[in-house]
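>
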Amino acid sequence: LAAHCAGLVCLTGGEEGPLARALGEGLEAGRRAAERLVALFGKGSVYAELQRHFDREEEARNDAVLEIARRLGLPLVATNGVRHATRARRKVLDLLTAVRAKVPIERAGRLLARNSERFLKSGREMAELFADLPEAISNTAELSARLEFTLADLGYRFPRYPVPEGETMASFLRERTGEGARRRYRPYHERARRQIERELALIEKLDLAGYFLIVWDIVNFCRDRGILVQGRGSAANSAVCYALGITAVDPVGMDLLFERFLSEERGEWPDIDLDLPSGERRERAIQYVYERYGRLGAAMTANVITYRGRSAAREVGKALGFDEATVGRLSSLVRVWEWKDPKDTPERQFREAGLDIADPRIRNFFELFQEVQDLPRHLGQHSGGMVICQGQLDSVVPLEPASMPGRVVVQWDKDDCADMGILKVDLLGLGMMAVLEETLVRIRESYREEVDLAHLPQDDPAVYGALQKADTVGMFQVESRAQMSCLPRLRPRTFYDIVVQVAIIRPGPIVGKMVHPYLKRRQGRESPDCLHPALEPVLRRTLGVPLFQEQLLRMAMICAGFSGGEAEELRRAFGFKRSEARMKDVEVKLRRGMEHNGIVGEQQDRIVQSITSFALYGFPESHAASFALLAYASAYLKCHYPAAFTAAMLNNQPMGFYHPSTLIKDAQRHGVRFRPIDVARSEWECTIEEDASAAEKWVRLGLMYARGVRESAAREIARERARAPFSGIDDLARRVPELRRDELERLAELGAFNFVDPGARTHRRDALWQVGLRRSLGPLYEELKAPDARSPLLSADFRGSGLTLGRHPMSFRRAELDRLKALRAADVAKVQSGRRARVAGCVIVRQRPGTAKGFVFLSLEDETGIANIIVTPDLFDLYRTELVSAPFLIIDGVVQNQDGAVSVKAERVRPLPVAKVAPASHDFH
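Heads up, the sequence shown is in this note's numbering, so the first residue is 242 and it goes up one at a time.
(1) In chain order, what residues of the same chain lie with their CB nearer than 6 angstroms to the CB of Thr253, ignoring the 5 residues before and after it?
(2) Quick check: the stretch 364-381 against the stretch 593-612, are there 3 or more CB pairs under 8 angstroms?
(3) Measure the alpha-carbon distance for Leu213 versus Lys825 and round it to whole angstroms.
(4) Just verifying my parser: in three-state terms, what is the DSSP assignment at Trp510?
(5) In angstroms with no decimal places, state the Cα-to-Cα distance between Ile970 and Phe994.
(6) Throw me the rounded Cβ distance for the His773 and Gln850 pair, which I believe falls under 8 angstroms.
(7) When you compare only the Cα positions, how much space is there between Tyr946 and Asp1103?
(8) Around the C-beta of Arg1054, are 16 or more other C-beta atoms found within 10 angstroms, so that it is buried, or is it exposed?
(9) For Ser726, collect the residues of the same chain with a Cβ closer than 6 angstroms to its Cβ; drop the 5 residues on either side in sequence, then sort them by chain order.
(10) Using only the alpha-carbon positions, how far apart do Gly859 and Lys906 sit?
(11) Could you tell me which whole alpha helix (DSSP H) segments of length 4 or greater appear in the stretch 765-811?
(12) So what's Pro375 in DSSP terms, helix, strand or just coil?
(13) Please report the straight-line C-alpha distance between Asp514 and Glu791, rounded to a whole angstrom.
(14) Count the C-beta pairs between the stretch 1050-1068 and the stretch 919-927 that are closer than 8 angstroms, then say yes if the count reaches three, no if not.
(15) Secondary structure at Ile739, three-state DSSP: helix, strand or coil?
(16) Under the DSSP definition of a beta bridge, which residues are partnered with Asn544?
(17) Tell me which same chain residues have a C-beta within less than 6 angstroms of the C-beta of Leu503, skipping the five on either side of it?
(18) Could you spell out the range, first to last residue, of the alpha helix (DSSP H) harbouring Val1135?
(19) So for Ile1085, helix, strand or coil by DSSP?
(20) Which of the three DSSP states is assigned to Trp653 in this structure?
(21) Assuming Ala477 contacts Val490 under a Cβ cut-off of 8 angstroms, what Cβ separation, rounded to an integer in Å, is found between them?
(22) Mind checking Pro1028: buried by the 16 CB within 10 Å criterion, or exposed?
(23) In terms of residue numbering, what span does the alpha helix (DSSP H) encompassing Lys1062 cover?
(24) Span of the alpha helix (DSSP H) holding Ser479?
(25) At 4 residues or longer, and completely inside the stretch 305-355: list those alpha helix (DSSP H) runs for me, N to C.
(26) Could you pull out every unbroken alpha helix (DSSP H) segment of at least 4 residues lying fully inside the stretch 388-454, listed in chain order?
(27) Return the CA-CA distance between Gly1075 and Gln1137, expressed in angstroms with no decimal places.
(28) Within 10 angstroms of the Cβ of Gln699, are there 16 or more other Cβ atoms? Answer buried if so, exposed if not.
(29) If you measure between the beta carbons of Leu313 and Arg324, is that distance less than 8 angstroms?
(30) To which residues of the same chain is Phe1098 closer than 8 angstroms at the C-beta, ignoring the five residues directly before and after it?
(31) Going by DSSP, what residue range makes up the alpha helix (DSSP H) through Arg273?
(32) With a cut-off of 8 angstroms, do at least 3 Cβ pairs link the stretch 342-353 to the stretch 559-569?
(33) Tell me the DSSP secondary structure of Leu640 in three-state form.
(34) Only counting the same chain, and skipping five residues up and downstream in sequence, which positions put a Cβ closer than 6 angstroms to that of Cys771?
(35) What is the C-beta distance between Leu671 and Ser519, in whole angstroms, given that I count them as a contact (C-beta under 8 angstroms)?
(36) Between the Cα of Asp564 and those of Arg602, Val306 and Val470, spot the shortest distance and give me the residue it belongs to.
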C-alpha cells in the first residue's frame, strides 16, 4: 500500500475497517493504527469515518473513533454501511447471507444483519442522523466534490499489430485487403473497388486498422491449423472483412449496408464475431490470443449469472429450512416458459399442487423466491468474448483467474466493457461448425473424397428437395418445428430463399405480422406492396415485406434523408436498450425528414410504424446470410454423406432441437445403418465402418453413449485394444484396470461384449454373470412371447444409453394403437385438411414461444416419423399436467395442411399408459 498511496484519500472504515479491528484491542491500539494511516497517506488525507446503524457495539466504537480523531486532529466524515437499497430488502439480504453461508436462516445467528438500518439513506436522512455532528456532514459533501471521478478515460489502448518496417497498420491493411479482394472478386470489378475504398477510408479515419488486422491474424491462425472459422453478424456487411477472409458473404453482391457494421456517427467500436467449432478446437484459438498478447494482455469477459427458476427455488427453500423432499416439490412447481401466460401465476401453480399460499412458511418462500429473481448470483465466463489491450489489462480493468485452467477473466461483462470503450472480439463456439469440420474429416477418411465447403454446388436438387419437404432434422437453423411448418410454404429454390427462411422465423417478422403476407405474396395470392414507390428497390427482393434490419435502415435513408450513421442510430434507439425520450426524438426527426420529401398522412404513418415496430426484433440480413451458408452446407452433407454427418452430429451433442435417439431414428429412415457399442470395435466417439467392398458405410456407436462410462476409461480400452484384441471379459478387466465394476456392468447390459459369443442370443445375461453380477435381473431378461421378444433389450438399451438401434418404442405398441385407430405419423399428411384424426407417439419436443400468444407446440415421434401438434392456450389449461410431463400422448384433433405444412390442432389429449422406456424430450419452456 505504501508504494501506491500518493494522491489517495483514506477513510478509516466501518466495522470491517482497520481502525475498528484495532479498537477491538483497546483505545491505544486504535490510536496507533490511525497514526500508521496518517504516516502513509498524510494528515490532510485521512478522515475518521463514522456510521450509525443503531447498534450498541457500534456506538461504543464511534465514541472511541471521535476520541482518536480529536487527539490526532482528523476530520470526520459520515457514511452508511449500505447492504440493501430499502428497508424492506433486508429480508433478501438475510436470505442471500444464509445461501452464501450454506445454513438455514434460523441458524445463521450473528451472520445476519442486526436491524434494517443498512439501507441507502437520503441526504436528508443522513443529516438528521448526524445532527449532533454537522461537521461530519459538511466534510462528507466537501470530500465528495473534491473526489470527482469518471470512467470516461481508463487509459485503455488497443494493441498495435506488428507490421513490417516501413509500413503502417493502415498501409499494411490496404495491401492485405487488396490481395484478398483480387482472390475473392474475379474479376475485381469497379463496384467492389469503390466499396472497399470507401470502407478503408473510414477505417483509417477512425484509426481501426489494427483491429481488423488482429481479427485477420486470428482467422489466419485458425485456417493454418485447419480450424473451421467464419465471421458472422454485422461484420458480414463489410467488403473489407470479406476480402480479408474474415466473413464468407459477399456484401457487394448481396447489396448489404456497410453502415449497419460501422459508421462515423456510431461512436463505438465495430463488433466482429467469429464462429468456431465448439470444444477443443475453439480453445486452441482462445489460447493463441493469450499467447499472442500475454496472460495480462488478454482476458475473457464475464457473464453475470442471476437467480432464476428452479435453481433459485431450491436455494430459497434450503435457506428457509425446508427438508429435501419439500425443496424438490417446491422447485418442481417453478416453470420458466418463454411465453408468460397471465393466468399461469405462481399462486395458481402452488394451489394446483395442493399448497396453501396462506401458510406463513409457504408465503415466505413464495415472496422471497419472487424477490431474488434476476438478482446477480455469481460471475461466469462469457461464451467467447475476449478483450485485449496494449500493455496490461489489470491497469484498466479488474481481472481474476478463471475456473478453467489457462484462462483469465475480466470482472466486467461485455456491456460494461463496451460502455468503457474497451474493444472486444467474440470467439464463439458453434456446435454446427464442429459438426461440419468433423464431417469433412470423416468424408476424407471413409469416402476418400475432398469436400470444400466454399465451393459446394450452388443449386443442388437434393438439398432444395429436402428443404421443400421440411425433411430437415439435424440441419442448421431450419430444423425447428416452426421452420419445418414454414418450409413447405416458402419452398426454397435459391440460396437467397434460404437467407429469407433463416430470418423469417424470428420475433421481428412474427411480431410485426410479416410472415403470412410474405408467404401469400410468394405463392402469388397477394400482390407485392412496397409502401412507397421510392422503396421498391429496397423491398423488391422480399416482395414488399421488410424482413431485415438493413432494409429498415435504407427505408429511413430514402424516405427521410438519413445518413447511414443516422439510420443506425434509429435502429439502436428502438433496440433493446430503449429510452422513451431517445425514441421520441428519433421519430420526430424521421417524420420531419419524410415531410420534407413529401411523404405525409397515412403513407407516412405506415412507413413509420413499419420501421419503429420492427427495429427491436429485426434480423440483420448479413447475419441471416452467414447462417444460410451453414444451413446449406449442413443440408448438403446430410443429403450426400448421411453416415458421416450423423456420426458427427452424435459426437457433438448436446446441440440443436433433437435428442440423439431422434437423430438416429431419422437417419435410419434415410438409409443409414448402425452398429451397436462393442468394446472390440467402438472408439470413444461414433465412427464410420465399411463392409469388405467399402461400398456400404455403417455408423458404429461410440463408448460415449454408454451411460456412466468415463471418457478416460473408454480411451484406455481403445489403446489396449490397439496393442492386441481382447480375448474375453476377464482379459479386458485385467488389461484395463481403470474400468470400475459399474462400468463393466453397464457395458455388459448394453451387449458391448458381443465378441465373447457373437451368435449367442443371451450374451448380455452371460456377460453380466461374467462381470460378477449376482442379483435378480428383474424383467430385463424374462422370456417374452412374440412379438415382444426384443422389448427387454430395448429397455436395456434405453437404460444404458438413452437410445436404441433396434425398433422404435412405438412399434411395440402398434397393435394397440391400431385398435385405437391412431394414425402413423407418416400417414397424417394423407388425411384431408379439416378432417379429424388421432395420432400417438413419444413427446420429443415441447415449445411455448413468446411470440405464439400462449400456444404450445409438440412434436410426437413414432416409428415412421414426426407429427406436429398445435395446442391452444385454453386446451393447455385443461390438460396442463399431461402436456407438460407425460412421455407418451395420444391426441385427437383436426388435420391442418397449409401448402404441405401438416399439423394436428389438438382437441383432446390423453396420456398413453406409461411404457418402460421413452426417448428423452427436448423441452424449451
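Where is the CB? At the ideal position from N, CA and C, for every residue including glycine.
In short, the structure shows the following:
(1) In the sequence shown, residue 253 corresponds to position 12, counting from 1. Hits under 6 angstroms: Leu260, Ala289 and Glu290.
(2) no
(3) The chain is shown only over 242 to 1166; residue 213 falls outside these bounds and no answer can be derived.
(4) As a working mapping, residue 510 is identified with position 269 in the sequence shown. Reduced to three states, the DSSP call for Trp510 is coil.
(5) Position 729 of the sequence shown, counting from 1, holds the residue named residue 970. Position 753 of the sequence shown, counting from 1, holds the residue named residue 994. Near 7 angstroms, if we compare the C-alpha coordinates of Phe994 and Ile970.
(6) As a first step, residue 773 must be located in the sequence shown, where it is residue number 532. As a first step, residue 850 must be located in the sequence shown, where it is residue number 609. About 13 angstroms; that fails the 8 angstroms criterion.
(7) Along the sequence shown, one-based indexing puts residue 946 at 705. Along the sequence shown, one-based indexing puts residue 1103 at 862. For Tyr946 and Asp1103, the distance between alpha carbons rounds to 22 angstroms.
(8) On the sequence shown, position 813 is the one that residue 1054 refers to. Buried.
(9) On the sequence shown, position 485 is the one that residue 726 refers to. Closer than 6 angstroms at the Cβ level, and outside the excluded window around Ser726, lie Ala1142.
(10) Numbered from its first residue, the sequence shown carries residue 859 at position 618. Numbered from its first residue, the sequence shown carries residue 906 at position 665. Taking the straight line joining both Cα atoms gives about 36 angstroms.
(11) 777-780 and 790-801
(12) Stepping through the sequence shown from its first residue, residue 375 is reached at position 134. Of the three classes helix, strand and coil, the one that applies to Pro375 here is helix, per DSSP.
(13) Position 273 of the sequence shown, counting from 1, holds the residue named residue 514. Position 550 of the sequence shown, counting from 1, holds the residue named residue 791. About 18 angstroms.
(14) no
(15) By 1-based counting over the sequence shown, the position of residue 739 is 498. In this structure, Ile739 counts as helix in the three-state DSSP scheme.
(16) Counted from its first residue, the sequence shown places residue 544 at position 303. Partner(s): Gly621.
(17) On the sequence shown, position 262 is the one that residue 503 refers to. Closer than 6 angstroms at Cβ, skipping near neighbours: Pro511.
(18) Counting from one through the sequence shown, the residue named residue 1135 turns up at place 894. Premise fails: Val1135 lies in the beta strand (DSSP E), Phe1129 to Gln1139, not in any alpha helix (DSSP H).
(19) Position 844 of the sequence shown holds residue 1085. Of the three classes helix, strand and coil, the one that applies to Ile1085 here is strand, per DSSP.
(20) As a first step, residue 653 must be located in the sequence shown, where it is residue number 412. Trp653 falls in the strand class under three-state DSSP.
(21) As a working mapping, residue 477 is identified with position 236 in the sequence shown. As a working mapping, residue 490 is identified with position 249 in the sequence shown. The Cβ separation is near 4 angstroms, so the contact holds.
(22) For the purposes of this step, residue 1028 is identified with residue 787 of the sequence shown, where counting begins at 1. Caution is warranted here: a pLDDT of 34 is assigned to Pro1028, below 50, making its placement in the model unreliable, and no coordinate value can be reported.
(23) Residue numbering aside, residue 1062 sits at position 821 when the sequence shown is read from its first letter. Premise fails: Lys1062 is in no alpha helix (DSSP H) and is neither H nor E.
(24) As a working mapping, residue 479 is identified with position 238 in the sequence shown. Ser479 -> no alpha helix (DSSP H), and no H or E assigned at all.
(25) 331-342
(26) 410-425 and 431-446
(27) For the purposes of this step, residue 1075 is taken as residue 834 along the sequence shown, with counting starting at 1. For the purposes of this step, residue 1137 is taken as residue 896 along the sequence shown, with counting starting at 1. Computed Cα separation, rounded: 6 angstroms.
(28) In the sequence shown, counting from the first residue as 1, residue 699 sits at position 458. Looking at its Cβ environment, which holds fewer than 16 other Cβ atoms inside 10 Å, Gln699 is exposed.
(29) As a working note, residue 313 is residue 72 in the sequence shown. As a working note, residue 324 is residue 83 in the sequence shown. Not closer than 8 angstroms, so no.
(30) By 1-based counting over the sequence shown, the position of residue 1098 is 857. The answer, listed in chain order, is Arg722, Ala723, Val1086, Arg1087, Gln1088, Arg1089, Pro1090, Asn1109, Ile1110, Ile1111 and Val1112.
(31) As a first step, residue 273 is located in the sequence shown; it is residue number 32 there, counting from the start. Where Arg273 is concerned, the enclosing alpha helix (DSSP H) stretches over Leu268 to Phe282.
(32) yes
(33) As a working mapping, residue 640 is identified with position 399 in the sequence shown. Strand.
(34) The residue given as residue 771 occupies position 530 in the sequence shown. Excluding positions up to five away in sequence, the list reads Glu777, Leu780 and Gly785.
(35) Here residue 671 is taken as the residue at index 430 of the sequence shown, counted from 1. Here residue 519 is taken as the residue at index 278 of the sequence shown, counted from 1. The Cβ separation is near 6 angstroms, so the contact holds.
(36) Against the sequence shown, residue 564 aligns to sequence position 323. Measuring from the Cα of Asp564, the nearest candidate turns out to be Arg602.
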